[in-house]
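**Q** Before anything else, here's the structure in question.
Protein chains: 2
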Amino acid sequence: MARKKEYLEDEVIEKAMELFWRNGYETTSVRMLEKEMGINQFSIYASFGNKKGVFIKSLACYKGKAKLELINKLQKSTDGVNAIKQYFYDFIKFSKESSINKGCLITNTVNELGEKADQEIMSEIVSFATNVKDLFIEKLESNPKKTTETIRKQANYLMVSLQGLSVASKMFDQEQLDDFIENTFKNI
Amino acid sequence: MARKKEYLEDEVIEKAMELFWRNGYETTSVRMLEKEMGINQFSIYASFGNKKGVFIKSLACYKGKAKLELINKLQKSTDGVNAIKQYFYDFIKFSKESSINKGCLITNTVNELGEKADQEIMSEIVSFATNVKDLFIEKLESNPKKTTETIRKQANYLMVSLQGLSVASKMFDQEQLDDFIENTFKNI
DNA sequence: TCAATAACTAAGCATGTGCTTAGTTTAAAT
DNA sequence: ATTTAAACTAAGCACATGCTTAGTTATTGA
Numbered sequence: 000m001a002r003k004k005e006y007l008e009d010e011v012i013e014k015a016m017e018l019f020w021r022n023g024y025e026t027t028s029v030r031m032l033e034k035e036m037g038i039n040q041f042s043i044y045a046s047f048g049n050k051k052g053v054f055i056k057s058l059a060c061y062k063g064k065a066k067l068e069l070i071n072k073l074q075k076s077t078d079g080v081n082a083i084k085q086y087f088y089d090f091i092k093f094s095k096e097s098s099i100n101k102g103c104l105i106t107n108t109v110n111e112l113g114e115k116a117d118q119e120i121m122s123e124i125v126s127f128a129t130n131v132k133d134l135f136i137e138k139l140e141s142n143p144k145k146t147t148e149t150i151r152k153q154a155n156y157l158m159v160s161l162q163g164l165s166v167a168s169k170m171f172d173q174e175q176l177d178d179f180i181e182n183t184f185k186n187i
Numbered sequence: 000m001a002r003k004k005e006y007l008e009d010e011v012i013e014k015a016m017e018l019f020w021r022n023g024y025e026t027t028s029v030r031m032l033e034k035e036m037g038i039n040q041f042s043i044y045a046s047f048g049n050k051k052g053v054f055i056k057s058l059a060c061y062k063g064k065a066k067l068e069l070i071n072k073l074q075k076s077t078d079g080v081n082a083i084k085q086y087f088y089d090f091i092k093f094s095k096e097s098s099i100n101k102g103c104l105i106t107n108t109v110n111e112l113g114e115k116a117d118q119e120i121m122s123e124i125v126s127f128a129t130n131v132k133d134l135f136i137e138k139l140e141s142n143p144k145k146t147t148e149t150i151r152k153q154a155n156y157l158m159v160s161l162q163g164l165s166v167a168s169k170m171f172d173q174e175q176l177d178d179f180i181e182n183t184f185k186n187i
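Sequences listed follow chains A and B, in order. With the first letter of the first sequence counted as 1, position 153 gets the number 152 in numbering that gives the first Met the number 0; the numbers rise by one all the way through. With the first letter of the second sequence counted as 1, position 8 gets the number 7 in numbering that gives the first Met the number 0; the numbers rise by one all the way through.
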């Protein structure tokens with residue numbers, strides 16, 4: 000016995016996510032969200048509670064998009080370590096939007112909020128990072144010669160490398176990024 | 000025939016720099032700068048023009064501090080590639096402030112402002128990065144077996160790795176960072 | 001001694017921030 | 001057709017933002 004929403008929450012959150020991805024959390028204002036999402040502030044607060052609520056949903060949306068366009072491919076691959084290397088190259092394409100590189104939303108968020116990030120945001124971040132790392136471990140395990148200890152260390156190494164790629168992609172050119180990726184996988 | 004300033008610009012800029020380092024550019028307000036620098040807004044604007052002016056001077060101050068506490072040691076060292084590895088470890092200590100890791104101010108800035116960073120800020124950043132990279136090249140050249148091409152690629156690799164370390168130090172523990180550094184220098 | 005000049009204080013400006021609320025419109029249940 | 005409840009509009013709240021300015025204080029050369 001009531002009116003219907005004139006928007007789909009999933010659709011407007013995707014637009015919010017793109018905005019946060021381009022601008023970061025603090026620099027994205029609710030007025031900007033209003034315009035980008037195409038709905039009034041009232042509707043934003045009715046659907047998502049507050050700005051942080053929009054951001055949390057945006058992180059979930061990012062995870063979904065990354066899974067679809069990036070992570071599923073890694074998961075399916077049977078190419079061992081080469082699959083991870085391909086993931087690095089795919090990530091650069093994934094984070095690029097018409098010549099400008101937005102980096103990884105998760106990495107951007109850690110870098111921006113650091114210790115100040117609240118619990119909800121932090122747990123979204125940690126769960127995402129854990130998923131990726133577990134996949135890296137799975138692919139590394141395809142080489143039976145590697146010990147568990149070696150795999151653990153190499154997975155840590157690759158996770159930090161991936162963060163480096165995210166930041167570096169914002170300021171370095173493709174050649175430098177290629178040099179990085181190639182060298183990264185030289186002794187893995 | 001006029002009054003003297005009651006503060007030294009270099010001293011108050013160091014405090015501003017610490018604040019920007021901890022909080023980032025956008026999140027640091029002029030009111031916060033006022034308190035931290037211990038001078039009135041009028042004095043801030045009289046000495047540095049605007050908020051961006053304070054930030055530019057802060058970047059220069061950061062470069063000075065990094066040179067003194069970090070880069071000079073690398074420059075002096077005759078230990079070849081090991082000197083660079085030591086630099087990585089030294090950087091973590093340098094960027095740590097009582098258990099929280101602030102990362103590298105330069106990297107933080109690139110990550111926060113990205114393409115939006117204006118010309119003055121960007122040129123400070125590029126000049127800093129170029130200095131460090133040139134030093135890496137110099138140390139890599141101490142091994143006469145390496146070709147110019149190899150050195151170029153390895154320098155690119157190390158620069159991106161260093162950025163990764165900066166971001167990763169904010170969320171990963173010391174063990175993961177150690178794994179990263181050790182693996183990074185395994186194939187150099 | 002005193003006029004000149006720069007450094008200070010603190011109040012204030014316009015605009016932006018996250019969020020709320022009074023009032024209206026819409027659609028379904030009766 | 002009428003009631004009811006949710007979704008909408010748009011105005012507005014209190015406070016934060018970067019920056020300015022009117023008015024005061026201190027230091028200096030004449």
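From the three backbone atoms N, C-alpha and C, an ideal C-beta is built for every residue, glycine too.
1) Kindly indicate which three-state DSSP category Glu-148 (chain B) falls into: helix, strand or coil?
2) Which residues does DSSP list as the beta-bridge partners of Glu-96 (chain B)?
3) Residues in the stretch 57-87 of chain B with C-beta within 7 Å of chain A's C-beta atoms, listed in sequence order?
4) Would you mind working out which of B:Leu-176, B:Glu-140, B:Asn-186 and B:Glu-174 sits nearest Tyr-156 (chain B), comparing C-alpha positions?
5) To the nearest angstrom, report how far apart Leu-112 (chain A) and Gly-52 (chain A) are at their CA atoms.
6) For Lys-107 (chain A) and Ser-42 (chain B), what's the separation of their Cα atoms in angstroms?
7) DSSP three-state label for Leu-7 (chain A), please.
8) Output the boundary residues of the alpha helix (DSSP H) element that contains Asp-133 (chain B).
9) In whole angstroms, what separates the C-alpha of Phe-127 (chain B) from that of Phe-54 (chain A)?
10) Given this structure, state the Cα-to-Cα distance separating Ser-160 (chain B) from Glu-17 (chain B), to the nearest angstrom.
11) What are the start and end residues of the alpha helix (DSSP H) that includes Asp-177 (chain B)?
12) Let me know the secondary structure DSSP gives Asp-25 (chain B) once reduced to three states.
13) Just checking: is the beta-carbon of Ile-99 (chain B) within a distance shorter than 8 Å of some beta-carbon in chain A?
14) Between which two residues does the alpha helix (DSSP H) containing Ser-57 (chain B) stretch?
15) Could you confirm whether any beta carbon from chain A is found closer than 8 Å to the beta carbon of Gly-169 (chain B)?
16) So with CB distances below 7 Å, who are the chain B contacts of Val-190 (chain A)?
17) Measuring straight from C-alpha to C-alpha, what distance separates Gly-163 (chain B) and Phe-87 (chain B)?
18) For Glu-119 (chain A), collect the residues of the same chain with a Cβ closer than 8 Å to its Cβ; drop the 5 residues on either side in sequence, then sort them by chain order.
19) If you pair each beta-carbon of the stretch 122-137 of chain A with each one of the stretch 56-64 of chain A, do three or more pairs fall below 8 Å?
20) By how many angstroms is the C-alpha of Phe-90 (chain A) removed from the C-alpha of Ser-165 (chain A)?
21) Here's the rule I'm using: 16 or more other beta-carbon atoms within 10 Å means buried, otherwise exposed. How should Leu-104 (chain B) be labelled?
22) What first and last residue would you give for the alpha helix (DSSP H) that runs through Asn-107 (chain A)?
23) Which residue's Cα is closest to the Cα of Glu-10 (chain A): A:Gly-37, A:Gly-23, A:Tyr-24 and A:Lys-144?
24) Compile a chain-ordered list of the residues in the stretch 12-44 of chain A whose CB is closer than 7 Å to at least one CB of chain B.
25) Is Ile-124 (chain A) closer than 8 Å to Leu-139 (chain A) when the C-beta atoms are compared?
26) Short of 8 Å Cβ to Cβ, which residues in the stretch 133-166 of chain A face chain B?
27) For Lys-92 (chain A) and Asn-81 (chain A), I'd like the C-alpha separation in whole angstroms.
28) Does Glu-190 (chain A) get closer than 8 Å to chain B when you measure Cβ to Cβ?
**A** Put simply:
1) The answer is helix: DSSP assigns Glu-148 (chain B) an H, G or I state.
2) Paired residues: B:Ile-99.
3) Answer set for the stretch 57-87 of chain B: empty.
4) Of the listed residues, the one whose Cα sits closest to Tyr-156 (chain B) is B:Asn-186.
5) Straight-line measurement puts the Cα of Gly-52 (chain A) at about 16 Å from the Cα of Leu-112 (chain A).
6) One detail in the question is off: residue 107 (chain A) reads as Asn in this sequence, not Lys. Rounded to whole angstroms, Asn-107 (chain A) to Ser-42 (chain B) spans 34 Å at the Cα level.
7) Assignment of Leu-7 (chain A) by DSSP, reduced to helix, strand and coil, places it in the coil class.
8) Run containing Asp-133 (chain B): 118-139, per the alpha helix (DSSP H) assignment.
9) Distance between the alpha carbons of Phe-127 (chain B) and Phe-54 (chain A) is about 33 Å.
10) Going from the Cα of Ser-160 (chain B) to the Cα of Glu-17 (chain B) covers about 24 Å.
11) For Asp-177 (chain B), the uninterrupted alpha helix (DSSP H) segment begins and ends at 173-183.
12) Just to set this straight, residue 25 (chain B) is Glu in the shown sequence, not Asp. It is coil, neither helix nor strand.
13) The beta-carbon of Ile-99 (chain B) is placed less than 8 Å from the nearest beta-carbon of chain A.
14) Per DSSP, Ser-57 (chain B) belongs to the alpha helix (DSSP H) from 50-65.
15) According to the sequence displayed, residue 169 (chain B) carries Lys and not Gly. Yes - at least one Cβ of chain A is within 8 Å of the one on Lys-169 (chain B).
16) It is not possible to answer for residue 190 (chain A), since the shown part of chain A is limited to 0 through 187.
17) Approximately 11 Å between the Cα atoms of the pair.
18) Cβ contact annotation for Glu-119 (chain A) (same chain, cutoff 8 Å, sequence separation greater than five): Lys-51 and Ile-55, in chain order.
19) Yes, the stretch 122-137 of chain A touches the stretch 56-64 of chain A.
20) Computed Cα separation, rounded: 8 Å.
21) Using a 10 angstroms sphere on the CB of Leu-104 (chain B), the tally of other CB atoms reaches 16 or more, which defines it as buried.
22) DSSP places Asn-107 (chain A) inside the alpha helix (DSSP H), whose first and last residues are 104-112.
23) In terms of CA proximity to Glu-10 (chain A), A:Gly-37 leads the group A:Gly-37, A:Gly-23, A:Tyr-24 and A:Lys-144.
24) Residues of the stretch 12-44 of chain A that bring their beta carbon within less than 7 Å of a beta carbon in chain B comprise Gly-23, Glu-25 and Thr-26, in sequence order.
25) Cβ distance not < 8 Å, so Leu-139 (chain A) and Ile-124 (chain A) don't count as in contact.
26) Correct list: Arg-151, Lys-152, Gln-153, Asn-155, Tyr-156, Met-158, Val-159, Ser-160, Leu-161, Gln-162, Gly-163, Leu-164, Ser-165 and Val-166.
27) When rounded, the distance between both Cα atoms is 17 Å.
28) Beyond the ends of chain A as shown, which are 0 and 187, falls residue 190 (chain A); an answer cannot be given.
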